Every structure is written in C-alpha cells, then in structure tokens.
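Asks:
Number of protein chains: 2
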Amino acid sequence: MTDTVRIALDAMGGDHGPSVVAPGASIALSRKPDLKFLFVGDEAEIRPLLDADPALKAVSEILHTDVSVRMEDKPSVALRKGRYKSSMWLALDAMKSRKVDAAISAGNTGALMAMSRLCVRMTPGVERPAIAAIWPTLRGESIVLDVGATIGADAKQLVTFAVMGAAMARILFDIERPTVGLLNVGVEEIKGVEQVKEAARLLREDDFSTLDFRGFVEGDDLGKGTVDVVVTEGFSGNIALKTAEGTAKQIGEYLRSAISRTLLSKVGYVLAKHAFDTLKEKMDPRKVNGGVFLGLDGVVIKSHGGTDAEGFASAVELGYDMARYDLMEKIRQGLAHEQSTRVETDEEAPAALVGAAS
Amino acid sequence: MTDTVRIALDAMGGDHGPSVVAPGASIALSRKPDLKFLFVGDEAEIRPLLDADPALKAVSEILHTDVSVRMEDKPSVALRKGRYKSSMWLALDAMKSRKVDAAISAGNTGALMAMSRLCVRMTPGVERPAIAAIWPTLRGESIVLDVGATIGADAKQLVTFAVMGAAMARILFDIERPTVGLLNVGVEEIKGVEQVKEAARLLREDDFSTLDFRGFVEGDDLGKGTVDVVVTEGFSGNIALKTAEGTAKQIGEYLRSAISRTLLSKVGYVLAKHAFDTLKEKMDPRKVNGGVFLGLDGVVIKSHGGTDAEGFASAVELGYDMARYDLMEKIRQGLAHEQSTRVETDEEAPAALVGAAS
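Chains as they are written, first to last, in UniProt numbering: chain A, 1 to 358; chain B, 1 to 358.
Quick look at the structure:
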C-alpha cells in the first residue's frame, strides 16, 4: 500500500456510464483527498469530463478501450465479448497486477462476478465467493452476506463467509471482534437446514479471535441490527435483501399517497418536512450503495447500476476503506485462525506443523 | 357444509388465551352472523366471558379440558403432554371428525403443525404441508407460501404448493385463475436452484386450468404484488416474511423518532394525522393475521400468538372464508388436474384410466 489509495473505475459500467462515474469519483475525492483513479473506458467520453474538473483530472489516468459489457449481457456473452479487452475486465486486471488497490464497477453483477473469478482468482483457502451488502438497521449498519453469489453454501463455506464478513466489519465499524449471527428460521419444529446447524456448531467450537459468534438470528433481526454480521447462503440472502428493498419502497409509496390525499395533510407535511427529510436520509439507498465481493484475491466493489453520482461516491469510499485498512490481510488473519484451530482440534497436529498446514 | 360455518377455537392458545379469543370470536360473529363456535379449553375461564356476551353465547358450545400447550413448549413436548387431551388437539380433533368446519389456534406454530399432521392427516396426493400467509401489497394482497413448514421443498412439492396457493387465492380474491410466480434470485449467472427451475418447467408444461403461471419473481415483487400467489420453500419464505415485518417495524421506528424530534414536526403530525392513520391501517398486521396450513385434510388456521381481539377476528374470518367457499374441494380440483395432466403427458395413459389413477 502506497500513501495514496489507487482505484480502477469501470467508467462504462452502470446505466449512465462516465456521466455518473466521473462526478461520483469527484465527490469521493473531496472527502478522501488521498485517492487516485484509473478511469477505464472510452477516452473520448471520459476526457471532457476530466477536463471540466481539474482537481479530479490531477489524480486520474485514463486507460482507453472501445469495448464495454452491457447491462443486459449474460455473463457468458460478457466473457466472450469482453474478456481481456472490456472496461470491466481491464479494471479488474489493473487490480490483479497491483497497479491499483481496488476495482469498482456499476456494470452487471453476473458479468462482474464471472470476470472477477477468472481474472482476479480466489483468495487461497476460500472455496466460493460471497457478495456482502451493508444493511441499514435501527442500531446503525450491519453487514449481510451472501446476497447472491453462492446458492446453497455448505457449512464450511458459511463459516468462511462469517470470517470474511467479520473482517469487513472490523474495518467498517472499527470493532476488534464483531458479533456474527447465522440467518435461520424460527419455527421450533423445523429450525433450519442441516448446513446452517453444522455451521453453527463449527463457529461455536472454534473460538475465533476475530469474531464473536452469537448463534441464530431471524429475518426480523436484520432491521433491528441484532448482530454486526449476518451470514446466510446466496439464495435466501438475495431474497431477504430484495424483500427489504421492496418493503421500504412499498411503505414509501403508502406514505406518499396518504400525504397527498388532503390539503390538511399536505400542510402537515410541509411543517414536518424536516422529519420527512430525516426519514428519507435514513432510507436513502445511495448511502449504502456498494456490495463487496469477498473471497477474491483483491478488493472488488459492485455499485448499483442505476445509482447517481452521490451513490457511486459511496461505492468508491467503500472501496477506499477496504483497500486503506487492508481487507485482504484481515481476511487472511481470520482464515489463518480458522485453519490453525481446525488442525489443532480435528487432528491434534503438533503446534509446529500448524503454520505449514495451510 | 351446513348452513352455518362451525369453527373450533383453541381458547387457551396465544399469549392472552380466552380473554382475546372470546372477544375476537364476537367481532367475527358481528360480521359473519352464520358462524357457530366450539370453544375448547378451561370452562371456568371461558364460561364468564360467554355469559357477558349473550349473542356470542347463543352460538357457542364449550368443550372442557384442563390441558393446554404452552407457547414455549417444543413440538415434541407439546405432543407428549397434549396429545388427545390439550385444547389444541381437541380443536383439531373436532374438525377431523367433522363436528366443525375449521380449527383456529393462536398457540405455537411448531406444536400446531405437529399435532395437525398427526390428528388431521395430509390431503391425499399432498406430500408436505405449507403455511400460506396473506401479504399486503401495493395492488392489494397476495398469498405467499410456504413461510415455514417445509424446508427445501422439491420441484414436485413446489408445484403442489402452487396449486394449493391458487385454490386459496380463488376464494380470497374471487379470481378464477390466479397468477402464480416462483420466488427466485435475479443474478443472471446463478439464477436459482435446480428444484425451482424444474418446478417452473413443470408449471409451464402442464397447462393448469386453476392457475396462470407467470414465471419467476424476485424479493421486491412481493411488495409490488406482481402476482396473486408467490411460491417458495419454507426457509426462504420464512426469512422473506420476517424480513418484511422487520423492515416495516424499522421504518415505523424511524418515522416515530423523526416526527417527535421537533415541535414543528409534531404540529405537522397532528395536521397530517389522517394520513398517518391511513398509513397505519395499511401497515396494520392485525388485518392480515392468520396463516393457513395447506396440505392437511381440513382447514387449520394459525393466528399470531400476540394478537388482540381484532387480529384474532381476522383469523376467524379467514377460517370462515376457507370453510364457506370450500378450500378443500378447490385444492382437490387443482390436484386432480395436476395428476391427470401428469399421467397423460408422462405416461400417455388412456384417458379412461386417468380418473382411476388418482
């Protein structure tokens, strides 16, 4: 890590391309002056945006390519058309070769995951990737993973997700030993699938120094913020995330239509406007924009495709934090503990062998 | 079905027992005057409540028992202590022997499901039960199942859930051919588990006369009300339900704390009170209280344990509708179609054999 944090931006990703990526980077730079950017994409589109923003231009380079992955491309199509040459691939490749410390794209999730796995590779010791989302809660924020990368993760993979989510929480929330819960169902008779129960057993037995396992949590614990990190496999995690987003929109819609129904309630709205602004800010999806791809050998951040400059800036700052406070090293520490405990307890290997075992 | 709809009430179920069950029944009776009740539980507690409510008393009988299942009992404990003699079991047993048309309990879900499966048995042709919830949406209401009975349902079971959910929707929404969607994840690369894809294939191929299959839906389609019936297995369904409930509470909490922060916003709140009341009503969980246990040979309704009389009345009216408009017959019609199509397409049996095959 140099004094600056260098970030590669897939300038062509997302619904709006450079017209959101450049001002987003500019907002992030105003808050984190030690950022440097590598814009990857069509120079003819990027150059004028940098020329109009001298501060941004001063810390940015452009890597030109004509090829970009479209939002509607399937991962297989994206790979065929964009491997080795698209703005998405080249942003990842710059990170792989350590020209930059993190890569950010608002392009399509499936393509970004497929390219990340091919280009960046997995962290040694991690079998499957996870996407971690930041979840607004009544206590503040939690991290929820996996929200869609690994359908039906097994017990061992869930434990690795816990370790990686805790590493991310250590950085984001500045806590030495974040609390971790496994998402489960509450009905007594059926309490959960086998792999979730087995993951709980493993997390309970290994006394992790990097996380504090608190057992099972349920769907309504997500909004409460009962734990810092909620771990689940990708199918239910993705459904939970989208259900929460949908419910928030639904209630916002109810509120809008209720308020606009009578003159009196419109007047009330104006008087209570500050309160509504507070609420709006609490529910602003731009503030928590950015999913972290965990399990890769580097920092890859996925921004929402439809976000604006403010939202893209959040994703950039998330990438900044993950690179600046060394997410990869924190994951390695967690995994090393996990592996050493495993070897000691399962096979009673002599302590001297533990280091060599990984 | 007689002229009246007879309902057995587990009077001891829920956090409040007869003190909520009796007034709840009374509210339901005021809206559905052709109801008759069998109160099952401690006569000493029930009798005074009926004496104080002559209209309710006139249509009610009491079946006395000292034994009741506690909210915190595990299903195995509940069965050991309560089989053949608890208020929960005897309410189910009254339905099994057709003394009543439906059974309702606010007791614990696991115990109620375990007792239902032992006492009432499964509908012929149904392998596993599902719990169907009514979900408030921007369009009105949808039915979501399974929200917690069958973890990891296979493709064939998901198809049966679709048929049963559609039967319930035909009654509740008065639609001949309700739209049905399978809950899935949206990320292209990974789009869903095998059994969900296979269930979609089966639902697409069999041209069901009792439902209109619309393909996959995602978590945010739940709140939108994209389809009348959303089908999923119990793990993700339970997580989706609790996540939505948790998100609604979380936003309500944000709103309350924002409103109470300044005098001006309090004044605004008073002026916009009508709007807030509308919102509150939209989000009132009592209105959609009651999960229907599907797949059993009879109508069993689970009320929330902590609900009040108004909420319990909703569960009673749900049971009334399911019995009055013959849920069981509508499920049989759907299953008969499913089985006949299966036999015809899979084994090319002569049409004359189709009836005999079930």
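Beta carbons: idealized from backbone N, C-alpha and C, even for Gly.
On a predicted model such as this, the values are computed, not experimentally measured, just so you know.
Are the C-beta of Leu296 of chain B and some C-beta of chain A separated by less than 8 Å?
Replies: Mapped onto the second sequence, residue 296 of chain B falls at position 296. Chain A contact via Cβ: absent.
Asks: Using a Cβ cut-off of 9 Å, pull out every chain B residue sitting near Met168 of chain A, in sequence order please.
Replies: Within the first sequence, numbered from 1, the residue matching residue 168 of chain A stands at position 168. In chain order: nothing, as chain B lies at least about 20 Å away.
Asks: Identify which residue in B:Leu158, B:Ala275 and B:Met95 has its Cα closest to the Cα of Arg256 of chain A.
Replies: Stepping through the first sequence from its first residue, residue 256 of chain A is reached at position 256. If we check each option's Cα against that of Arg256 of chain A, B:Ala275 comes out closest.
Asks: Just curious, the beta strand (DSSP E) that Thr179 of chain A is in, first and last residue?
Replies: As a working mapping, residue 179 of chain A is identified with position 179 in the first sequence. Unbroken beta strand (DSSP E) run through Thr179 of chain A: Thr179 to Leu183.
Asks: If you measure beta-carbon to beta-carbon, which residues of the stretch 255-274 of chain B are closer than 9 Å to chain A?
Replies: From the stretch 255-274 of chain B, only Leu255, Ser257, Ala258, Ile259, Ser260, Arg261, Thr262, Leu264, Ser265, Lys266, Val267, Gly268, Tyr269, Val270, Leu271, Ala272, Lys273 and His274 have a Cβ closer than 9 Å to chain A.
Asks: For Asp93 of chain A, which residues in the same chain have their Cβ closer than 7 Å to its Cβ, ignoring the five residues on either side in sequence?
Replies: Numbered from its first residue, the first sequence carries residue 93 of chain A at position 93. Taken in chain order, the residues that qualify are Cys119.
Asks: Please report whether the beta-carbon of Arg80 of chain A lies at a distance below 8 Å from any beta-carbon of chain B.
Replies: The count along the first sequence starts at 1 and reaches residue 80 of chain A at position 80. It does not; no Cβ of chain B falls within 8 Å.
Asks: Just to confirm before moving on: does the CB-CB distance between Val77 of chain B and Ala162 of chain B stay below 8 Å?
Replies: What you label residue 77 of chain B is simply residue 77 of the second sequence in a count that begins at 1. What you label residue 162 of chain B is simply residue 162 of the second sequence in a count that begins at 1. Cβ distance not < 8 Å, so Val77 of chain B and Ala162 of chain B don't count as in contact.
Asks: Excluding the five sequence neighbours on either side, which residues of its own chain have a C-beta within less than 6 Å of the C-beta of Leu145 of chain B, listed in chain order?
Replies: By one-based count along the second sequence, residue 145 of chain B stands at place 145. Result list for Leu145 of chain B: Ala130, Ala132, Phe161 and Gly165, in chain order.
Asks: Just checking: is the beta-carbon of Met122 of chain B within a distance shorter than 8 Å of some beta-carbon in chain A?
Replies: Position 122 of the second sequence, counted from the start, is the residue given in the question as residue 122 of chain B. No - not a single Cβ of chain A is within 8 Å of the one on Met122 of chain B.
Asks: Helix, strand or coil: how does DSSP classify Met71 of chain B here?
Replies: Here residue 71 of chain B refers to the residue found at position 71 when the second sequence is read from its first residue. Coil at Met71 of chain B, not helix or strand.
Asks: In the DSSP assignment, what are the bridge partners of residue 400 of chain B?
Replies: Outside the modelled stretch of chain B, which goes from 1 to 358, sits residue 400 of chain B, for which no answer is possible.
Asks: Can you give the Cα-Cα distance for Ile7 of chain B and His64 of chain B, rounded to whole angstroms?
Replies: Numbered from its first residue, the second sequence carries residue 7 of chain B at position 7. Numbered from its first residue, the second sequence carries residue 64 of chain B at position 64. Going by the C-alpha atoms only, they are around 16 Å apart.
Asks: Alpha carbon to alpha carbon, how far is Asp101 of chain B from Gly223 of chain B?
Replies: By one-based count along the second sequence, residue 101 of chain B stands at place 101. By one-based count along the second sequence, residue 223 of chain B stands at place 223. So the alpha carbons of these two residues sit roughly 32 Å apart.
Asks: Buried or exposed for Glu338 of chain A, going by 16 or more other Cβ atoms inside 10 Å?
Replies: As a working note, residue 338 of chain A is residue 338 in the first sequence. So Glu338 of chain A ends up on the buried side.
Asks: Tell me where the alpha helix (DSSP H) around Glu205 of chain B begins and ends.
Replies: Residue numbering aside, residue 205 of chain B sits at position 205 when the second sequence is read from its first letter. Taken as a continuous stretch (DSSP letters only), the alpha helix (DSSP H) holding Glu205 of chain B covers Glu194 to Glu205.
Asks: Taking beta-carbon pairs under 9 Å, can you tell me which members of the stretch 148-161 of chain A lie near chain B?
Replies: So the list reads Gly148, Ala149, Thr150, Ile151 and Gly152, given in the order they occur along the chain.
Asks: What residues in its chain sit with their C-beta under 7 Å from that of Arg200 of chain A, if we drop five residues either side in the sequence?
Replies: As a working note, residue 200 of chain A is residue 200 in the first sequence. Rather than Arg, the amino acid found at residue 200 of chain A in this sequence is Ala. Taken in chain order, the residues that qualify are Leu182, Gly215 and Phe216.
Asks: Determine the closest residue to Leu158 of chain A out of A:Ser142, A:Ala169, A:Gly252 and A:Val180, with distance taken between C-alpha atoms.
Replies: Here residue 158 of chain A refers to the residue found at position 158 when the first sequence is read from its first residue. When each option's Cα is compared against that of Leu158 of chain A, the closest is A:Val180.
Asks: Can you list, in chain order, the stretches of the beta strand (DSSP E) that have 3 or more residues and sit fully within the stretch 228-260 of chain B?
Replies: 229-231, all fully within the stretch 228-260 of chain B.
Asks: Give the secondary structure of Arg47 of chain B by DSSP, where H, G and I count as helix, E and B as strand, and everything else as coil.
Replies: One-based indexing of the second sequence puts residue 47 of chain B at position 47. Note: Arg47 of chain B maps to helix in three-state DSSP.
Asks: Going by CA-CA distance only, name the one from A:Thr4, A:Arg83 and A:Leu9 that's closest to Ile301 of chain A.
Replies: On the first sequence, residue 301 of chain A is found 301 positions in, with the first residue counted as 1. For the residues A:Thr4, A:Arg83 and A:Leu9, the minimum Cα distance to Ile301 of chain A belongs to A:Leu9.
Asks: Pairing CB atoms from the stretch 82-99 of chain B with CB atoms from the stretch 29-43 of chain B, are three or more of them under 8 Å?
Replies: Yes, the stretch 82-99 of chain B is in contact with the stretch 29-43 of chain B.
Asks: Under a CB-based cut-off of 8 Å, is Asp220 of chain B close to chain A?
Replies: Taking the second sequence and counting its residues from 1, the one referred to as residue 220 of chain B is at position 220. Judged by the 8 Å Cβ criterion, Asp220 of chain B is in contact with chain A.
Asks: Anything in chain B within Cβ reach of Ser236 of chain A, meaning under 7 Å, just list it in chain order.
Replies: Mapped onto the first sequence, residue 236 of chain A falls at position 236. Those within 7 Å of Ser236 of chain A in chain B are Phe235, Ser236 and Ile239.
Asks: I'd like to know whether the C-beta atoms of Ser116 of chain A and Leu296 of chain A end up nearer to each other than 8 Å.
Replies: Position 116 of the first sequence, counted from the start, is the residue given in the question as residue 116 of chain A. Position 296 of the first sequence, counted from the start, is the residue given in the question as residue 296 of chain A. A contact, by the Cβ cut-off of 8 Å.
Asks: Going straight from the alpha carbon of Tyr254 of chain B to that of Lys32 of chain B, what length do you get?
Replies: Here residue 254 of chain B refers to the residue found at position 254 of the second sequence. Here residue 32 of chain B refers to the residue found at position 32 of the second sequence. Roughly 38 Å separates the two Cα atoms.
Asks: Starting from His304 of chain A, trace the beta strand (DSSP E) both ways and give me its first and last residue.
Replies: Indexing the first sequence from 1 puts residue 304 of chain A at position 304. Note, His304 of chain A: premise wrong, no beta strand (DSSP E); not H, not E.
Asks: Do the stretch 202-221 of chain B and the stretch 232-249 of chain A make contact, defined as three or more Cβ pairs closer than 8 Å?
Replies: Cβ pair count under 8 Å is three or more, so yes.
Asks: Is Leu50 of chain B close to chain A? Criterion is C-beta to C-beta, closer than 8 Å.
Replies: Stepping through the second sequence from its first residue, residue 50 of chain B is reached at position 50. No, Leu50 of chain B lies away from the interface with chain A (no Cβ there is under 8 Å from its Cβ).
Asks: If we ignore side chains and look at the alpha-carbon of each, how far apart do Gly291 of chain A and Ala315 of chain A end up?
Replies: As a first step, residue 291 of chain A must be located in the first sequence, where it is residue number 291. As a first step, residue 315 of chain A must be located in the first sequence, where it is residue number 315. Whole-angstrom Cα-Cα distance: 8 Å.
Asks: Out of B:Gly298, B:Tyr320 and B:Ala309, which has the shortest C-alpha to C-alpha gap to Ser97 of chain B?
Replies: The residue you call residue 97 of chain B lines up with position 97 of the second sequence. Here the closest residue by C-alpha is B:Gly298.
Asks: Please report whether the beta-carbon of Glu189 of chain A lies at a distance below 8 Å from any beta-carbon of chain B.
Replies: As a first step, residue 189 of chain A must be located in the first sequence, where it is residue number 189. Model confidence at Glu189 of chain A stands at a pLDDT of 48, short of 50, so the residue's coordinates are unreliable; what they give is reported in the following sentence. Glu189 of chain A counts as touching chain B.
Asks: When you compare the CB of Ala336 of chain B with every CB in chain A, is at least one pair closer than 8 Å?
Replies: Counting from one through the second sequence, the residue named residue 336 of chain B turns up at place 336. False, the Cβ-Cβ gap to chain A never drops below 8 Å.
Asks: Interface residues of chain B around Glu245 of chain A at Cβ under 7 Å?
Replies: Translated into the one-based positions of the first sequence, residue 245 of chain A becomes position 245. Per Cβ cutoff of 7 Å: Asp220.
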